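Per our numbering, the sequence shown starts with residue 290, numbered consecutively.
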Amino acid sequence: MISNISEKVLYIGVDDHDIDLFESQYVVPNGVSYNSYVIMDEKIAIMDTADARASEQWMANLKEALNGKTPDYLVVHHMEPDHSANIKAVADLYPTMQIVGNAKTFPMMNQFFGEDFSDRRVVVKEGDTLELGTHTLTFVMAPMVHWPEVMVSYESAEKILFSADGFGKFGALDADEDWACEARRYYFNIVGKYGAQVQGLLKKAAALDIQTICPLHGPILTENLGYYIGLYDTWSSYKPENEGILVACASIHGNTRKAALKLVELLEAQGEKVAFSDLTRDDMAEAIEDAFRYDRLVIACCTYDGGLFPAGESFLAHLKAKAYQSRTVGLIENGSWAPMAAKLMKAQLEGMKNITVLEPVVTLKGALNDASAAQMSELAAALTTKA
């Protein structure tokens with residue numbers, strides 16, 4: 290669809306309602322948007338392309354927006370294929386159009402398309418500008434947010450930040466859903482490892498007078514920008530967004546799940562906000578989101594072939610990959626004859642930064658009994674004791 294962000298800045302992105310898994314791993318029940326923009330000035334700039342799934346519609350939107358005119362520039366903020374898949378097609382269609390990127394952008398183009406457009410590229414660096422007429426783009430490098438070639442651009446006349454994957458979210462633009470929920474799940478599962486780099490970008494952005502944020506996924510943000518920037522600051526600082534406890538459970542036959550739900554009951558009775566995730570059935574990305582959202586975590590996992598039950602092992606691997614840190618964690622283990630889960634979970638958590646593992650560990654040998662129930666009450670007390 291085409292819509293006007295302003296008289297001269299047009300949205301030409303595409304909603305994808307048919308996709309089942311974003312990046313082949315994240316469920317997107319409300320689809321996803323591939324955002325792209327055109328600045329119509331004395332010189333015309335296309336701001337990124339779209340995923341191959343959306344090529345036909347994106348190209349139709351572009352041609353409609355151009356209305357017979359020839360673009361002067363294609364600005365490439367990010368080379369991930371969901372934004373770059375149509376670079377070669379649009380470059381072939383408009384052979385006089387120059388392609389704008391940084392020193393790390395063009396080697397990736399060669400990797401994806403077999404050419405680096407050496408005869409028509411404009412290589413920019415931090416602080417460089419591109420004059421379009423009444424509109425001027427200033428380029429800000431944002432390496433590892435979340436690829437090494439990422440940059441953003443600031444248009445000073447209309448005070449627009451073209452933020453690449455920053456401030457993006459899952460969900461098509463017509464999805465009727467809360468921004469923060471799907472933006473949080475998107476952030477921690479895709480950008481989450483790179484908090485330090487996001488902090489660096491936020492510091493640069495603080496020097497700019499931003500009135501509109503145009504991300505590569507999700508809605509254009511025009512109001513209450515402090516709310517969105519504040520959440521990004523919290524998330525990228527690895528600070529808890531809310532007080533609360535995620536109880537994440539990987540149960541084989543149900544006894545570990547029953548014990549985990551008993552803990553949920555105890556915690557809620559003490560007035561705690563508690564989220565529960567069945568790691569064998571629920572969305573792993575949402576479990577990761579909640580682990581970062583709240584200040585405390587409990588992992589309940591079975592011993593399996595002398596190791597960790599795969600769902601629990603996968604959860605811990607995801608946490609480590611996304612730089613989980615600065616949280617308090619309680620453990621519940623189950624093992625019918627040789628419980629090993631707690632030892633193995635502790636070993637995984639030791640590789641993460643500023644993790645406090647509470648005592649006692651609740652140990653089950655099958656079903657919850659009087660002894661393990663007593664441990665459960667002690668763990669509940671430890672989880673609710675304020676430092």
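Note that CB positions come from ideal geometry on N, CA and C, so glycine has one too.
All figures in this text were calculated on a predicted structure; none of them were measured in a lab.
- Measuring C-alpha to C-alpha distances from Leu552 to each of Ser666, Ser615, Asp304 and Ile644 identifies Ser666 as the nearest.
- Short of 8 Å from the beta carbon of Ile518, and not among the five residues preceding or following it, lie these beta carbons of its own chain, in chain order: Leu491 and Ala494.
- Put simply, of Gly320, Ala670 and Met336 the residue whose alpha carbon is nearest the alpha carbon of Ala461 is Gly320.
- Glu639 has its alpha-carbon roughly 10 Å from the corresponding atom of Lys609.
- The closest CA to that of Cys503, considering only Gly655, Phe604, Lys448 and Ile621, is found on Lys448.
- The continuous beta strand (DSSP E) containing Arg410 extends over residues Arg410 to Val412.
- Looking at the backbone, the Cα of Phe459 and that of Ala469 are separated by about 10 Å.
- Between Ile388 and Val411 a beta carbon distance of about 7 Å is seen, short of the 8 Å cut, so the two are scored as contacting.
- Ranked by Cα distance from Lys297, the first of Ala576, Ser322, Ile328 and Ser625 is Ile328.
- Secondary structure of Ala627 (DSSP, three-state): coil.
- For the 9 Å CB-CB criterion, Ile588 and Thr617 do not form a contact.
- Under the criterion of beta carbons closer than 8 Å, Met634 and Cys591 do not qualify as touching, at roughly 11 Å.
- Using a Cβ distance threshold of 9 Å, Val434 and Asp454 count as a contacting pair.
- By the C-beta criterion, the region 591–607 is judged not to be in contact with the region 341–360, since fewer than 3 inter-stretch pairs fall below 8 Å.
- Close CB contacts of Thr673 within its chain, under the 8 Å cut and outside five residues either way in sequence, are with Leu556, Gln559 and Glu561 (chain order).
- Looking at the backbone, the Cα of Asp594 and that of Val646 are separated by about 24 Å.
- For Ser566, the enclosing beta strand (DSSP E) begins and ends at Val563 to Asp567.
- At a Cβ-Cβ threshold of 9 Å, Leu568 and Ala574 do not count as neighbours.
- Distance between Thr394 and Val441, taken at the CA atoms: about 13 Å.
- DSSP lists Cys590 and Thr652 as the bridge partner or partners of Glu622.
- Boundaries of the beta strand (DSSP E) harbouring Leu450: Ile449 to Phe451, taken from the DSSP string.
- Apart from the 5 residues on each side of it in sequence, Ser625 sits with its Cβ closer than 7 Å to the Cβ of Lys654 and Gly655 in its chain, given in chain order.
- In its chain, beyond the 5 residues on either side, Leu657 have a beta carbon closer than 7 Å to the beta carbon of Lys547.
- Boundaries of the beta strand (DSSP E) around Ala537: Asn531 to Ala539.
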